[in-house]
Every structure is written in C-alpha cells, then in structure tokens.
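Protein chains: 2
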Amino acid sequence: MSAPRRSFTRDDPETRRAALIAAVLDLMAEDGPQAATVRAIADAAGLSQGMIRHYFSTKEELINAAYQAHMEAQLTATRASLPACGTAMARLARIITVSLTPPVSDPRTLSLWAAFIHMIRRDPAMRATHERNYLRFRDLLESLIVAACADSGRPVSKVEARRLAIACNAVLDGLWLEGGALPEAFAPRELEQIGMTSVSAILGLTLECEAT
Amino acid sequence: MSAPRRSFTRDDPETRRAALIAAVLDLMAEDGPQAATVRAIADAAGLSQGMIRHYFSTKEELINAAYQAHMEAQLTATRASLPACGTAMARLARIITVSLTPPVSDPRTLSLWAAFIHMIRRDPAMRATHERNYLRFRDLLESLIVAACADSGRPVSKVEARRLAIACNAVLDGLWLEGGALPEAFAPRELEQIGMTSVSAILGLTLECEAT
DNA sequence: CCGCTAATCATACGCTTGTATAGTTTCTCG
DNA sequence: CGAGAAACTATACAAGCGTATGATTAGCGG
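Those sequence lines, one after another, are chains A and Y. The numbering used here numbers the first residue of the first sequence as 3 and each following residue consecutively. The numbering used here numbers the first residue of the second sequence as 3 and each following residue consecutively.
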C-alpha cells in the first residue's frame with residue numbers, strides 16, 4: 003500500500019542544484035508561482051523533499067537562484083547568437099530575429115517573466131538583477147543601432163540614440179509579449195518580419211530577415 | 003485581549019461586491035496573486051471573512067469577477083477618452099497618449115496583468131475574456147490607423163492594415179511594459195513622445211502630442 | 001573490513017489556506 | 001410590534017504549506 007522508499011542515488015552537487023532549479027522554472031512556467039511548492043519541486047526533480055533545504059538554506063534562496071539562472075541563460079543565448087563579424091545591420095537584424103523567436107520569444111518565457119515580476123518588486127537583490135540585465139540588453143541594442151545608422155551614413159546623436167533604443171526595445175518587447183500571450187494568433191515568422199519592418203521604419207533603414 | 007467584535011453595518015449588495023473586488027485588485031497589484039487570501043481580502047474590504055463566500059460561491063469566482071471588472075474599466079476608460087469628433091489623426095494620437103499615461107500605463111496595471119496571466123492560461127473563461135478584449139482593442143487601433151492613413155492620402159490594404167496594427171500595438175505594449183517595470187527610468191512624458199514618433203515612423207505619418 | 005561523515009530519505013510540527021457551519025444582528029412585513 | 005428571513009460575524013475543520021528533525025544509506029580513509 004505505502005509507496006516504496008525512494009532509492010538512494012548520489013550525485014554531483016552541481017547536478018542536484020541544476021535539477022532543482024530546472025524543476026522550479028518548469029513548474030513556474032507551467033502553472034504559475036504558487037505551483038512551485040517544495041513538494042512539487044522535489045517531485046519534479048526526482049528527489050526527496052529534504053534536498054531542497056540541503057542545497058539551499060531556504061525556498062526563497064532557491065527561487066532567487068532559479069531567477070538568476072534563467073536571466074543568465076537568456077542573455078547568454080542572445081549574445082552567443084550574434085555573429086562576431088558581419089555588418090552592423092546584419093547584427094541588428096540578427097538580434098531582432100533572436101528576440102522574436104524561441105526560446106526567447108515563447109509562452110514559457112513570458113509566463114516565467116510574469117511569475118517573477120512580483121518578487122522582483124519586493125526583493126532588492128532580484129530587482130537589481132532585473133534592472134541590470136534590462137539595461138545591459140538595451141545598451142547592446144543601442145550600440146548596434148548607432149553602428150547600423152552610422153554605416154548607412156545617418157549618424158545619430160546621443161540623446162537620439164537613447165530614444166531610438168527605447169523605441170526599438172519597445173517594439174521587441176511588445177511583439178514578444180503578444181507572441182507569448184497569444185502564440186496561435188500569429189503566423190510562424192510573422193512577428194519576426196513585423197519587427198524587422200517596424201525597426202526599419204523607426205530607424206530609417208532597410209533590414210531584412212535572413213533565410214532559414 | 004481579544005479583538006472586539008466587528009460592528010454590524012448593512013449595505014447595498016452591489017457596494018459590497020465592489021468593495022471585495024477592489025480589495026482583490028489592490029492586494030494583487032501590490033503584493034502579487036498569493037497575497038490575495040480570503041482573510042486579507044476581507045480585511046482590506048473592511049468585512050468579515052464570511053462575506054466573500056456570501057457574495058461569491060467561491061474565491062475563484064471572486065477573482066474572475068475582479069478580472070472582468072478590471073478589464074472592463076480599462077477599456078471603458080480608453081474608449082471614453084477618445085473624442086467623438088476630430089480628425090482621424092487626432093484620435094489616433096489620443097489613443098497613444100491614453101495608452102502610455104496613467105491609469106492605463108502604470109506599475110499597478112502591469113502588476114495586475116502579470117498576476118492574472120497564469121489564471122488566464124488555465125481558465126478557459128478568463129482566457130476568452132482576455133482574447134476578446136485584446137482583439138477588440140487591436141481592432142479599434144486598426145480602424146484608427148486605416149482612417150488616419152486614408153485621410154493623409156495613403157490608403158492601406160487589408161493585410162497591410164493588420165500588420166501595421168500589430169506593429170503599433172506592439173510599440174504601445176512594449177512602452178507600457180517598460181514604463182510599468184521601471185517607472186523612474188523615464189522622464190514624465192518621454193514614453194508618450196517616443197510612442198508618438200515611433201508610430202509616426204511606422205505609419206509614415208506625423209503625429210503630435212497634445213499640449214497638456 | 002569497519003566506522004565515520006555526508007548525502008539522502010521520511011516524517012513530524014506549527015502555521016496558513018479555502019471552505020463549511022453555527023451564532024448574532026438588522027431589517028421587513030403582516 | 002414581534003416573528004422570520006437575510007445580512008453579517010466568528011469559528012471550526014481538513015488540507016497543504018515551509019521548515020525542522022531523525023532515521024537510513026553510500027562512499028572513503030583507517
């Protein structure tokens with residue numbers, strides 16, 4: 003009648019921590035923050051409930067670690083996808099594509115973002131992480147914008163660059179949001195193309211999607 | 003030492019329901035969905051805990067009612083702010099302003115949106131409400147875009163209108179999101195002006211902010 | 001091969017949750 | 001004006017929560 007005792011299998015601490023973090027992200031993305039209970043987390047990670055407090059001093063600490071890991075993975079993936087060489091315009095087009103296709107643009111990612119935002123507001127450490135990553139991305143975008151405009155013989159001032167970066171970032175964020183909220187309301191690469199033409203219009207350039 | 007018994011004060015059922023709904027929205031916006039417990043809700047509404055089940059058959063029903071009320075208020079406010087007469091371009095400019103200033107663009111509104119999105123995914127009724135309101139707003143925006151473009155001698159096709167509406171909506175959503183997430187990162191009417199110039203660029207028009 | 005440490009498991013504890021129920025007050029109407 | 005219904009309060013209850021605590025197993029140096 004009673005469930006058999008879970009078998010003992012030792013593993014690398016790093017693996018265990020990663021499993022717990024992955025479980026947190028899965029649960030939060032799927033069913034919201036209140037679904038990530040210690041029991042559900044341990045279950046999803048295939049561990050017993052005590053492990054979470056063995057590797058993290060509290061549940062909140064695990065949640066914070068999961069948030070950090072998620073943000074880092076997101077930014078790393080974006081950075082890695084940018085070709086080191088290539089024209090500034092190609093790099094700009096590429097970051098638009100990456101930002102508007104999975105795994106960055108995703109119902110799952112949007113869901114996670116929504117789940118974390120309240121914790122971001124309350125916890126100063128999480129808030130700092132959030133702000134830093136957000137501005138880091140916008141600065142990256144701004145530098146690409148400045149380079150692309152300069153290359154096409156239309157240099158922009160510093161204040162203008164800021165405004166353009168905010169505007170282009172808004173386009174990306176807005177399309178990311180809509181694609182994540184209503185994924186089946188758009189054709190496969192529709193958001194990517196709309197993003198490309200919109201940014202082109204805002205900057206006065208002509209960006210094009212790469213062929214797949 | 004025990005708290006004194008709460009005094010009896012009868013009131014209009016509609017007022018009571020409204021008080022409970024307002025309490026739900028306040029708590030959710032301030033501290034996230036898990037802060038809206040029955041005890042906290044009743045307390046915030048100045049009522050005893052039993053009232054929530056007296057006016058709503060379950061807590062979930064109250065949450066749904068709160069979501070409906072919030073969405074309706076939002077859309078009604080937007081609609082009401084549009085001048086019935088005036089040029090199409092003026093109306094378009096007006097909807098941009100309204101969408102990017104309080105109470106529509108607000109940390110509170112963003113917070114509420116994030117709190118509700120997981121319920122939207124699970125509950126088909128809430129999902130239907132969400133989808134309907136989203137598309138209704140986008141259709142309104144699209145009709146204004148079509149009219150404004152036509153007025154300035156640049157008629158757009160049906161498919162083009164859809165794409166432009168999605169793009170402009172994305173600009174508004176993105177700026178709304180950024181303003182809500184980092185309110186102090188922008189100057190007072192900065193987002194409004196960026197929205198105006200961005201939409202202008204996308205549509206090939208020249209919209210201008212009204213003076214306050 | 002034994003015993004020790006650390007990893008892992010199971011379970012208990014106090015608290016909060018949503019819901020159900022019993023008790024109290026106010027209002028209405030015959 | 002006095003019963004009876006309806007609004008309202010308070011409290012009880014089972015379930016689930018995060019945390020704490022022992023019991024159990026695996027690896028490793030003597």
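No residue lacks a Cβ here, since even glycine has one placed at the ideal position from N, Cα and C.
As assigned by DSSP and simplified to three states, the class of residue i
i	result
Glu192 of chain A	helix
Phe10 of chain A	coil
Glu212 of chain A	coil
Thr78 of chain A	helix
Gly48 of chain A	coil
Val40 of chain Y	helix
Thr60 of chain Y	coil
Pro35 of chain Y	helix
Pro85 of chain A	coil
Option in the options with minimal Cα separation from residue i
i	options	result
Arg41 of chain A	A:Glu32, A:Gln51, A:Ala47 and A:Arg19	A:Gln51
Thr80 of chain A	A:Ala172, A:Leu114 and A:Arg138	A:Arg138
Ser83 of chain A	A:Cys151, A:Gln70 and A:Thr103	A:Thr103
Gln70 of chain A	A:Gly48, A:Phe10 and A:Arg134	A:Arg134
Thr208 of chain A	A:Ala163, A:Glu180, A:Asp153 and A:Pro190	A:Asp153
Gly182 of chain A	A:Ile196, A:Pro105, A:Arg140 and A:Ala203	A:Pro105
Met30 of chain A	A:Ser145, A:Ala38 and A:Gly176	A:Ala38
Test: residue i CB closer than 9 Å to a CB of chain A
i	result
Phe188 of chain Y	yes
Ile65 of chain Y	no
Ala117 of chain Y	yes
Leu143 of chain Y	no
Met128 of chain Y	no
His56 of chain Y	no
Arg123 of chain Y	yes
Glu192 of chain Y	yes
Thr99 of chain Y	no
Residue-chain proximity (residue i, chain Y), Cβ-Cβ < 9 Å
i	result
Ala25 of chain A	no
Gln36 of chain A	yes
Val106 of chain A	no
Thr258 of chain A	Nothing about residue 258 of chain A can be read from this structure; chain A reaches only from 3 to 214.
His72 of chain A	no
Ser154 of chain A	no
Pro109 of chain A	yes
Glu210 of chain A	no
Gly88 of chain A	no
Gly206 of chain A	yes
Closer than 9 Å at the beta carbon, the chain A residues around residue i
i	result
Tyr136 of chain Y	Glu180, Ala183, Leu184 and Ala187
Where residue i meets chain Y, residues with beta-carbon distance less than 7 Å
i	result
Arg165 of chain A	Ile196
Interface partners of residue i on chain Y, CB under 9 Å
i	result
Ala169 of chain A	Val173, Gly176, Leu177, Ile196, Gly197, Thr199, Ser200 and Ala203
Asp33 of chain A	His120, Arg123 and Arg124
Ser113 of chain A	Ile119, His120 and Arg123
Under 7 Å by beta carbon: chain A residues contacting residue i
i	result
Glu133 of chain Y	Leu184
Minimum length 4: unbroken alpha helix (DSSP H) runs contained in the stretch 134–210 of chain A: Whole alpha helix (DSSP H) segments, 4+ residues: 160–183 and 192–205.
What alpha helix (DSSP H) runs, 4 residues minimum, are completely inside the stretch 87–141 of chain Y? Annotation: the stretch 87–141 of chain Y contains the following complete segments of the alpha helix (DSSP H) (minimum length 4 residues), in chain order: 90–101 and 109–124.
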